[in-house]
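Asks:
Residue numbers (the working numbering): 12 to 276.
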């Protein structure tokens with residue numbers, strides 16, 4: 012019994028030692044990449060390969076790499092061939108304090124995996140995880156990433172298992188009426204129009220708010236309540252009152268939504 016206990020203890024300590032060594036190698040590799048890219052934001056991924064975890068540097072193809080990062084799609088695909096991506100890494104140059112931005116957290120949420128952030132030249136490191144099942148209400152506004160359509164997409168995915176295309180962009184596409192991202196795409200996404208007086212929980216209310224095209228959408232929750240994320244405000248639940256009724260273009264229902272389930276809930 013004593014021999015078995017000692018063997019298990021040695022194996023356990025060896026596992027810790029190997030784990031610490033792997034983490035040190037990863038951090039050293041990340042640190043070198045971040046230093047080499049400074050003052051630009053560095054980015055890369057950690058993959059779980061057959062030989063263990065490995066950091067793979069990627070190119071930052073953002074228009075202004077000193078302010079943000081966009082991980083090269085080609086580099087990401089190449090990394091995926093080496094193993095499963097388990098973490099996205101990027102750097103925050105010249106920050107007085109390493110604090111993940113709301114933009115970082117939103118992108119982490121959508122990625123579904125952990126993110127690691129290193130400040131430089133300080134070299135501090137922190138990680139964030141996707142926020143699962145967080146409340147739909149009280150979210151900060153960030154055009155293109157946390158707006159009315161982003162909320163619509165997450166609602167249908169979480170509540171109904173329905174994947175809806177991403178039509179959010181980080182500019183005011185409705186200004187001037189040159190783009191019509193909602194009207195051009197709702198039918199191809201599997202929605203069909205229903206009369207307003209037959210609206211059911213889970214239906215989408217499409218509206219025209221201070222624009223010449225349909226530029227806002229909300230989820231009808233029942234009991235004359237709707238969920239939406241208005242421009243520049245926190246996401247919220249509000250009554251579907253006269254202001255929104257007067258601006259409603261149409262009410263649509265997704266073919267993948269189970270109305271009986273909604274009625275039971």
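The beta-carbon is built from N, C-alpha and C at its ideal position, and this holds for glycine as well.
This structure is a prediction, so every number in the text was calculated from the model and none was measured.
At the level of alpha carbons, what is the spacing between residue 230 and residue 36?
Replies: The alpha-carbon atoms of residue 230 and residue 36 are separated by roughly 48 Å.
Asks: For the alpha helix (DSSP H) that residue 114 lies in, which residues bound it at each end?
Replies: That run of the alpha helix (DSSP H) goes 113-122.
Asks: Can you tell me which residues form a DSSP beta bridge with residue 227?
Replies: Its beta-bridge partners are 218.
Asks: Kindly identify the DSSP beta-bridge partner or partners of residue 137.
Replies: Answer is 128, bridged to residue 137.
Asks: Closer than 6 Å by C-beta to residue 127: which residues in its own chain qualify, once you throw out the five before and the five after it? Chain order, please.
Replies: Once the five neighbours on either side are set aside, the close Cβ partners of residue 127 are 98, 100 and 138.
Asks: Under 8 Å: do the segment 80-89 and the segment 105-118 share three or more Cβ pairs, one atom per stretch?
Replies: Counting Cβ pairs under 8 Å, fewer than three are found: no touch.
Asks: With C-beta atoms as the reference, is residue 191 less than 8 Å away from residue 224?
Replies: Result yes, Cβ atoms of residue 191 and residue 224 sit closer than 8 Å.
Asks: Give the DSSP bridge partners of residue 41, in chain order.
Replies: DSSP lists no partner for residue 41.
Asks: For residue 255, which option in 146, 240, 269 and 265 has the closest C-alpha, if you only look at C-alpha atoms?
Replies: Looking at the Cα atoms, 240 is the closest of the given residues.
Asks: Under 8 Å between the Cβ atoms of residue 196 and residue 178?
Replies: Against a cut-off of 8 Å, the Cβ pair of residue 178 and residue 196 comes out as a contact.
Asks: If the criterion is Cβ atoms closer than 8 Å, does the pair residue 204 and residue 263 meet it?
Replies: It is a contact, given that the beta carbons lie within the stated cut-off.
Asks: Per DSSP, residue 238 forms a beta bridge with which residues?
Replies: According to DSSP, residue 238 bridges with 230 and 248.
Asks: Our contact map puts residue 228 next to residue 193 with C-beta atoms below 8 Å; I'd like the distance itself, whole angstroms only.
Replies: With 8 Å as the limit, residue 228 and residue 193 qualify as a contact, their Cβ atoms being about 7 Å apart.
Asks: Have a look at residue 53 and residue 248 and give me their C-alpha separation to the nearest angstrom.
Replies: Computed Cα separation, rounded: 39 Å.
Asks: Spatial neighbours of residue 27 within its chain, please: C-beta separation below 6 Å, excluding the five flanking residues on both sides.
Replies: Here the model assigns residue 27 a pLDDT of 45, short of 50, so the residue's position is not dependable, and the following value carries that caveat. Same-chain partners within the cutoff: there are none.
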